[in-house]
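Numbering (full-length UniProt numbering) for the sequence shown: 1 to 1055.
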Amino acid sequence: MSHRWEDDEVTRDIVAALQDGTTTVETRVLLKPIFRWAKREPEKAHDYVRWLLVLYTHGDPSRNISVQPTLQADYAINTLITASQRCGKGFEAERAFNFLPEFEFVPDVFAYTALIDVLGRCGQADMALQRYQEMLRSSVEPNIVTFTTVLRVLGMSTTVNARYSLEVLDRAKSQGAVDPSLYTEALDMCAKRLDFDLATEILRLRRDDGITELLVERTIYAMARALRKTSFEIVDKWLDEGLIHAGDKDAWTFKNRADHQSADGKSSTVGLLSYETPSSVRQSVIEQDIQKLMERTTRNVWPTRMDFETLIHQCRKRKWKEEVGLVFDAMRQVSTDGWHHGGLSLPPQPSVAPMPSTYLALIDAYICCGAPDLTWQMYLEMDAVGIPRTQSIVRKYVRGCYLSIKDKLDAANPEEWHLREVVDLALRDGIPFTSRMATSVLRMYGNNHVDGLVMLATLESRDLPNRKLYDELVQACVYANNIPGAIGVWEAFQSSEDAAITTATFERVMLLSCLHQPRLEAALSLLQEHQAARRLVAIPAYVSILREFYVKYTTNGEMNASGLNKSLKVLYERRTLFEEIEDQASILTSLTNSPDIAATTCGLAWSASLHKQLPCAPIMFAQHVHERFTIVRDKQAKTEAETATQAALRLTSDPLLFVLDAILSLPQLDVSLRVQAKFAKQLFALIDDDARVPAAHHVTHCFIHLDSMSMYLVQELEAIFNLVDADADRVAEFCARSCLADHHPEKTLNFVTARPAFFNPSTIELLVPALAEAYAQGVSITLRYVRQSLTYPDTQHVPLSFTRHLAELLDEFPNIDLRPLIREFNLQKEFAHVNLVAAIVPRTFSVPKVDPSIVYWSIPIPRDCIIFVDSPATIELAQRILLASEAVGWDVEWRPDFLSPTEKTKCSIIQLACATHVFICDVLHHMSDAMQSLLETLVLSPSPWKVTFGLKGDMEKMRYSFPDMSCFESVDEWENVVDVQQLMKKNKITPGLTKCCEQLLHLPVNKSQQMSDWEVRPLTEEQIIYAATDAYVLLELVKKLHPPQMRLKSAIAMS
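Here's what the structure looks like:
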């Protein structure tokens, strides 16, 4: 294929430089496009390399580029192999490798090794070893990297004899390329293949080659996992024979004990080498790691600063406080005095002397170890040794301090971490404070507003938004239940140069301070006190909110920690109300001169009467409606609420328009879709008959806001405003989107099929593609529209159009079965290529083969952390870990319906993923009371957040499978749930999980097991990994999307 490289933005400058000929184009610049195109556009990458090869041999006269003899053409080929290797594309790597002989280049060790690696990773171990044998027959000698790669490939294979590794080690030894890392790879291979006899032989070879240090952590971990499947008795044999150290056995023993504790539910956090590791093992590991760094000098590989910083980072992960100091002492010793231990005598190495990056690693490590004094010591020491601080170091210190104390803000002592001195030294050094750094600092002063104001005064002269600083400090005080402190911050704000009537944050958190009172009476008293002092705007809506919360979120009328947490969340969700109050504060204060008005006035009438002066009147009216109609307990209270609402609406000049605006503001008050529609019906019914006559401007108003509405609401508006008669195409567009986005597509189908206006050519063109996509996603009820179209004489073409749209979606939804549609609608002529006979017999299914040239996203947690839940002990473990998590990925698998032709299948497993574990719950065979309790608790609890993908389909299956569990009746029952598919649809990104992962994580997920038989037991290993991946990847996707509602936990925890 011919490419116009001179027009491509990636290569335009390269072509121009080559045409100019006065300067040499750097090899790095020439090769950069290869990495860019290798994954997404491999053909283009290959064409580009071929073009470079042509430039090397003949030039490009058509572009006026002469021969480029200095161009490293073979390096370009090697780069293409490497790029294909990184993308996991074995076929593309082979193609690139074959360029070498084609252009008369000899493959070097680099090319062979890269090709062997990618073939092994793609499951083609046999081909990889054939290339290795080809390499041995050539003049190219393998190096240590090649031998290591071949051993790794043997570990990935299940067909090649593992004992071939002995030949690899023997070859390496004959070339003098034996290295401890080679034995590490060989032992890892034995662990993966569960071949302990071979491991014994390799340990003997390792000992005979004079390698006597402790085994590395990676080998300990791999062997421990393998030994747990057989027996640890062989460890004693290895120790008796002198093949391992006592420290190795200690580490294995500790690992085995930790795993048993985790399985018994006693500990879920103990790892292989963690803060609970015995001190003897800690010291041995660190001393051996340091000594190995020094021994590398015998091979002329000298230690670097980064080597020591990596060891510090490892200590940080394990929370080894004392060992951090050991590494740092060794680093300084090597830099100034050299190294004289273990038979080595090395001169000083000034290049490893500590630098700012070292102190950043030290401060980070000590913070993670919970050592404030040592953290401060490292920060202060930088002055003594003359190493300048950087913004990264200050940011790490400040953020680390905050994260260490954020869960105990009401008793936090930032001076324990010397925060005052840290900030002073940073400002003295001229280090700029970002807004986020300042926020972290102020959040630590919630229980000491006096010191917090001093800190604020220090920071506010640093080009930071001062109002935001006051917002953060008052928020910190209220979250720490320091109400006097919050009042003090408000007074300081009013005395500052940035004083304002109020801010949205002040309004929200000062109202929250009232909710710290145990009962409503005390909360109302504090509210009136705040409003009298003008700490809160005197509006009836705040009384309404308090009354609502003390009914909904209290126990016997008393506010507790759970209710306060729920109230805090809901207030944050209603932040739009507070933002509008801030925007209109001057108008509000002029209308409410007396604070008594808030407590004595009917909020409904007050809001409605001010609808002309007050733009925020509709949302405040909506708040009062929400409160009055949701806390009613008897018929009399409901009648009183209706009477008051009707009287209020009579105060407006245009009741219909006012009600429309109030209804449209309900989503900003976190009102569910169904309740929005319910309120709309109630409010329209309360408007007097003579005022309930729609006009053109009402219809126009509806269409302006149509895209923000739900199907529930549109159905109510249609009954009043006849929107379909006004513009059927516009409503059809809305229905097309609603069918794909709403939790209940049957509402949309009912709405559409009940109206002949949706069966004309223009609306059909709008609806059919969306209905076809919904059908492909499993919403089979869309066929109702297709069948009904046959009752109209001019719409007989709809079944064919629908089926053709489905055929176009086969690439994205390969399990679409067109045969039932072809048979039902007699489309055999148009789809003659489809075999209909197979539809008569029961369908069988085989799992599709995985394309070995594709690199899939893989789950980053150890296999041991994927737990099949089918016993009381595993249920208890799951409940303890999941309820303590910030977010849980939720996914469901069931046997495909086509494998059960006589009945609909039920849920087989529910996967629940948190940051550290995935629990695969066997709900088909072990749906005990404890299992039900686990699932119901997760669904109904505000914490953790539930992260799903296509929840509407999963809900239908769970509702059918568990009819006695009310939590699966409706999504409205779920607390704090986000649907990643819906987030992606809002961003106009393809909703399939694989494409979502490609968009956000740059790798697809392997869906080969999606349609496998999920009712067989035991599940295959491939099924378990697939199920765990599908749930865990949702957590990674939601991190990338940053949905605003999920910032709530951060807001609540102030993190």
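All C-beta atoms, glycine included, are put in the ideal place defined by N, C-alpha and C. It should be emphasised that the depicted structure is a prediction, and the values quoted were computed from it without experimental measurement.
Residue i versus the options, residue with shortest Cα-Cα distance
i, options, result
"Ala16", "Tyr48, Gly59 and Arg63", "Arg63"
"Ile720", "Val752, Leu683 and Leu740", "Leu683"
"Lys638", "Leu610, Leu686, Val324 and Asp654", "Leu686"
"Arg218", "Val285, Thr916 and Val178", "Val285"
"Ser653", "His611, Leu664, Arg443 and His701", "His611"
"Gly343", "Val150, Arg1017, Lys292 and Arg207", "Lys292"
"Met127", "Val768, Val160 and Phe103", "Val160"
"Tyr48", "Leu883, Glu998, Arg12 and Leu198", "Arg12"
"Arg674", "Ser710, Ala696, Val699 and Phe658", "Ser710"
"Arg823", "Asp289, Leu800, Asp429 and Leu810", "Leu800"
"Pro1043", "Gly992, Glu718, Met984 and Glu998", "Met984"
"Ile859", "Cys907, His917 and Phe831", "His917"
"His245", "Ala726, Val216 and Ile663", "Val216"
Counterpart residues of residue i in DSSP-defined beta bridges
i, result
"Ala1028", "DSSP lists no partner for Ala1028."
"Thr948", "Asp979"
"Cys739", "The partner list for Cys739 (beta bridge, DSSP) is empty, contrary to what the question assumes."
"Phe919", "Ile867 and Leu912"
"Asp60", "Ile65"
"Gln113", "It should be pointed out that residue 113 corresponds to Thr in this sequence rather than to Gln. DSSP lists no partner for Thr113."
"Glu558", "Thr555"
"Trp974", "Trp974 is not bridged to any residue."
"Trp339", "Leu346"
Chain-order list of residues whose beta-carbon lies under 6 Å from that of residue i (same chain, five-residue window excluded)
i, result
"Ala191", "Ala222, Met223 and Ala226"
"Phe734", "Leu706"
"Tyr775", "Thr782"
"Ile483", "Ser513"
"Gln68", "Leu55 and Tyr56"
"Leu374", "Tyr366"
Where residue i sits in the DSSP three-state scheme
i, result
"Leu889", "It is worth fixing the name first, because residue 889 is Gly in this sequence and not Leu. Correct three-state label for Gly889: strand."
"His260", "Because the pLDDT of His260 is 49, which lies under 50, any placement of that residue in the model is unreliable, and the number read from its coordinates should be weighed accordingly. Three-state DSSP puts His260 in a helix."
"Glu9", "coil"
"Leu346", "strand"
"Cys967", "helix"
"Ser268", "Unreliable positioning characterises Ser268 in this predicted model, as indicated by a pLDDT of 37, which lies under 50. The coordinate reading is nonetheless provided below. Here Ser268 sits in coil by DSSP."
"Asp197", "helix"
"Thr937", "helix"
"Trp37", "helix"
"Asp451", "helix"
"Glu1021", "helix"
"Asp498", "coil"
"Asp108", "coil"
"Trp894", "strand"
Segment limits, beta strand (DSSP E) that includes residue i
i, result
"Gln911", "Cys907 to Ala913"
Same chain only: Cβ atoms within 8 Å of residue i, ignoring 5 sequence neighbours per side
i, result
"Gln715", "Ala677, Lys747 and Phe751"
"Gly265", "With a pLDDT of 44 at Gly265, under the threshold of 50, the modelled position of that residue is not reliable, and no figure is offered here."
"Glu579", "Ala504"
"Leu524", "Cys514, Val543, Leu546 and Ala599"
"Leu31", "Tyr75, Ala76 and Thr79"
"Ala125", "Leu119, Val153, Leu154, Met156, Ser157, Thr159 and Val160"
Limits of the unbroken alpha helix (DSSP H) element including residue i
i, result
"Cys602", "No alpha helix (DSSP H) contains Cys602, which DSSP labels as neither H nor E."
"Gln494", "Ile483 to Gln494"
"Leu524", "Leu520 to Ala532"
"Thr70", "Careful: Thr70 lies outside any alpha helix (DSSP H) and carries neither H nor E."
"Arg228", "Where Arg228 is concerned, there is no enclosing alpha helix (DSSP H), given that its DSSP letter is neither H nor E."
"Leu882", "Pro872 to Leu883"
"Cys996", "Leu993 to Leu1001"
"Met437", "Ser435 to Leu442"
Residues near residue i by beta carbon distance below 7 Å, same chain, minus five either side
i, result
"Thr994", "Pro1004, Val1005 and Lys1007"
"Val148", "What sits at residue 148 in the sequence shown is Thr, not Val. For Thr148, where only same-chain residues beyond five positions count, the Cβ hits under 7 Å are Ser181, Leu182 and Glu185."
"Gln982", "Ala741"
"Thr439", "Glu472"
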